[in-house]
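Be aware that the sequence shown starts at 0, since it is given in numbering that gives the first Met the number 0, and climbs by one per residue. Where a beta carbon is used, it is the ideal one built from N, C-alpha and C, also for glycine. A quick write-up on the structure given underneath.
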Amino acid sequence: MSLAEEVKRVLLEHPEILVEVLTARPQIIYEALSKITPWERLATREDVEAVRRETEALRREIADVREKMATKEELKALEERMTAGFEAVYKEIRALEKRLNLRLEALGARWGLASEDAFREGVRELLREAGYAVEKWVYFDSEGHVYGHPSEVELDVVVKDGVVMAVEITAALKRGDLQVVRRKAELYQRVSGRRIDKIIVVTAFIHDRNPALVVAVAEKMGIRVVKPEEAENV
Numbered sequence: 000m001s002l003a004e005e006v007k008r009v010l011l012e013h014p015e016i017l018v019e020v021l022t023a024r025p026q027i028i029y030e031a032l033s034k035i036t037p038w039e040r041l042a043t044r045e046d047v048e049a050v051r052r053e054t055e056a057l058r059r060e061i062a063d064v065r066e067k068m069a070t071k072e073e074l075k076a077l078e079e080r081m082t083a084g085f086e087a088v089y090k091e092i093r094a095l096e097k098r099l100n101l102r103l104e105a106l107g108a109r110w111g112l113a114s115e116d117a118f119r120e121g122v123r124e125l126l127r128e129a130g131y132a133v134e135k136w137v138y139f140d141s142e143g144h145v146y147g148h149p150s151e152v153e154l155d156v157v158v159k160d161g162v163v164m165a166v167e168i169t170a171a172l173k174r175g176d177l178q179v180v181r182r183k184a185e186l187y188q189r190v191s192g193r194r195i196d197k198i199i200v201v202t203a204f205i206h207d208r209n210p211a212l213v214v215a216v217a218e219k220m221g222i223r224v225v226k227p228e229e230a231e232n233v
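Structure below.
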C-alpha cells in the first residue's frame, strides 16, 4: 500500500483529524473548491469583502429612509392637524362674514334701506353662537314708565353662567336712548322679579357729535356700549 493510500485510509477512519487540519488551515477548502469550480464563478476574498461593504451601506441607507419616512400614524396626525386648521380658518371667515353682514344691516337700517329687525336678529344669532341664552321680552307698559305714555316695550334678556343681562340692540344709538334703556331694565326687574346684573347696548353707530361722551355718560349710568363684534364677549 502506497503512502497516499495509507494517509487516505487513516483520514477515512479518523475524520476528526481532517476537521482539525481544515480548522487550522481553512485555505485548503478554498483551494479544493477552486479545482472543481471554474475560477470566474468562485468569489475571492476581495469579492466577499466588497459584498459585505455594499450590504452594510444598503443597510444604512434603509435605516436612514426609515428614519425620514413618516409612519401611517404620523401621516394621520398631520392630516388631522391640517383638517383642524382648515376648520378653524373657515370658522373665522364665517365669523368675519357675519360681523360684516351686521355692519351692512346696521348701515342699511340707519338710512332706512334695511330692517332694524334684521340687524337685531343678526346680533341675537351671534350671542347664541357664543353660548348665551337669548330671550326676547315683550311687555305692554300701561303706566308709561318707559316712554311716558302707554306703549309696548321690547327688551332682549341674555343669560350666561348665571349672569342676567338686559341687552338693547339698535343699529344707531342716540344720547337720549340711554334713559329709555335704563327704564326698560327697571321695568323688567319690577315685572319679572328677576335681578339684572348688567345693562348692555349693542350698536354699530353712535349718532352724536361726540360718541366718546355718549359712551362715558352710559358708563356713569351703569350701561356698557359695545359694537356688534364685541357682543359675544360681554
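If you draw a straight line from the Cα of residue 200 to the Cα of residue 77, it is about 44 Å long. Here the C-alpha atom of residue 196 lies approximately 15 Å from the C-alpha atom of residue 182. Taking a contact to require three or more Cβ pairs closer than 8 Å, the segment 175 to 193 and the segment 220 to 227 qualify as touching. In this structure, residue 198 keeps its C-beta atom at 8 Å or more from the C-beta atom of residue 172. Under the criterion of beta carbons closer than 8 Å, residue 123 and residue 133 qualify as touching, at roughly 5 Å.
By the beta-carbon neighbour count (other beta carbons within 10 angstroms, threshold 16), residue 149 is exposed.
Closest in alpha carbon position to residue 190, among 81, 120, 141, 131, is 141. Inclusion of residue 202 and residue 165 in the CB contact set at 8 Å is not warranted, their separation being larger than that value. Membership of residue 196 in any beta strand (DSSP E) is not indicated, and neither H nor E is assigned to it by DSSP. Annotation: the continuous beta strand (DSSP E) that includes residue 159 extends over 150 to 159. C-alpha of residue 90 to C-alpha of residue 175: approximately 38 Å in a straight line. In the structure shown, residue 167 adopts extended strand secondary structure according to DSSP, grouped into three states.
Taking the C-beta atoms as reference points, residue 128 is found no nearer than 8 Å to residue 139. Counting along the chain, residue 216 sits inside the alpha helix (DSSP H) bounded by residues 210 to 219. Judged by DSSP in its simplified three-state form, residue 53 adopts helix.
8 Å or more divides the Cβ of residue 216 from the Cβ of residue 193.
In terms of Cα proximity to residue 119, the closest of 167, 158, 87, 80 is 167.
Straight-line measurement puts the Cα of residue 63 at about 12 Å from the Cα of residue 55.
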